[in-house]
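**Q** Take this structure first; my questions come after.
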Amino acid sequence: MKTAELSVFPMGEKNEAYARYFVGESYLNMLSTSDVVIGNVTFEPGCRNNWHIHRAAKGGGQILLCTAGRGWYQEWGKPAQELGPGDVVNIPVSVKHWHGAAKDSWFAHLAVEVPGDETANEWLEAVSDEEYSHLK
72 MKTAELSVFP MGEKNEAYAR YFVGESYLNM LSTSDVVIGN VTFEPGCRNN
122 WHIHRAAKGG GQILLCTAGR GWYQEWGKPA QELGPGDVVN IPVSVKHWHG
172 AAKDSWFAHL AVEVPGDETA NEWLEAVSDE EYSHLK
């Protein structure tokens, strides 16, 4: 069963706008685009986004609210953390990280952009197949 069938939020369309920052296929359904930006991001098995950093002059960062399936979150220089429904990840400004699905599971989370001044994402290198293959 696809994660989309388990999630309370619709999966959305293929994430074409950000596809170059992902390995594998993802889907995006923007739930809110004013005041607080919230996107429902769904990852096919094995899909993950590139390493990236949320920048801001003041405030900012990101919160992940995991809703379905099994996935991973990793900060640079730290071990990856397994994620599942109900898990919450607070990502501070300027922390290099990535997140995505497990190899054998769809995964969905709400990506909440913490409001701030002069916010921007800095997209970096892909998570290599070698790095990712070590995750169970």
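If you read the sequence shown in my numbering, its first letter stands for residue 72, the second for the next number, and so on.
Every residue, glycine too, gets a C-beta built ideally from N, C-alpha and C.
These numbers were taken from a predicted model, which means no experiment stands behind them.
1) From the DSSP output, in three-state form, read off ARG91 for me.
2) Between which two residues does the alpha helix (DSSP H) carrying GLU201 extend?
3) Between MET101, PHE93, ALA88 and GLU87, which lies nearest to GLY171 when the distance is taken from Cα to Cα?
4) Return the bridge partner residues of ASP175 from the DSSP annotation.
5) Measure the alpha-carbon distance for ALA88 versus TRP177 and round it to whole angstroms.
6) Could you have a look at GLY140 and say whether DSSP puts it in helix, strand or coil?
7) What residues are listed by DSSP as bridge partners for PHE114?
8) Touching or not, the region 103–113 and the region 153–164, by the rule of three or more beta carbon pairs under 8 Å?
9) Is LYS174 near ILE124, with beta carbons less than 9 Å apart?
**A** By the coordinates alone:
1) Along the sequence shown, read from residue 1 onward, the residue named residue 91 stands at position 20. Helix.
2) Your numbering for residue 201 matches position 130 in the sequence shown. Judged by DSSP secondary structure, GLU201 falls within the alpha helix (DSSP H) whose first and last residues are 200–204.
3) Counting from 1 along the sequence shown, the entry for residue 171 is found at position 100. Comparing alpha carbon positions, the residue from MET101, PHE93, ALA88 and GLU87 closest to GLY171 is PHE93.
4) Reading the sequence shown from its first residue, position 104 is the one you call residue 175. Residue pairing of ASP175 in beta bridges, as defined by DSSP: absent, with no partner found.
5) Your numbering for residue 88 matches position 17 in the sequence shown. Your numbering for residue 177 matches position 106 in the sequence shown. The alpha-carbon atoms of ALA88 and TRP177 are separated by roughly 20 Å.
6) Walking along the sequence shown from the start, residue 140 turns up at place 69. Three-state DSSP puts GLY140 in a strand.
7) In the sequence shown, residue 114 corresponds to position 43, counting from 1. Its beta-bridge partners are SER97 and PHE178.
8) Verdict: no, contact absent.
9) What you label residue 174 is simply residue 103 of the sequence shown in a count that begins at 1. What you label residue 124 is simply residue 53 of the sequence shown in a count that begins at 1. No. Outside cutoff.
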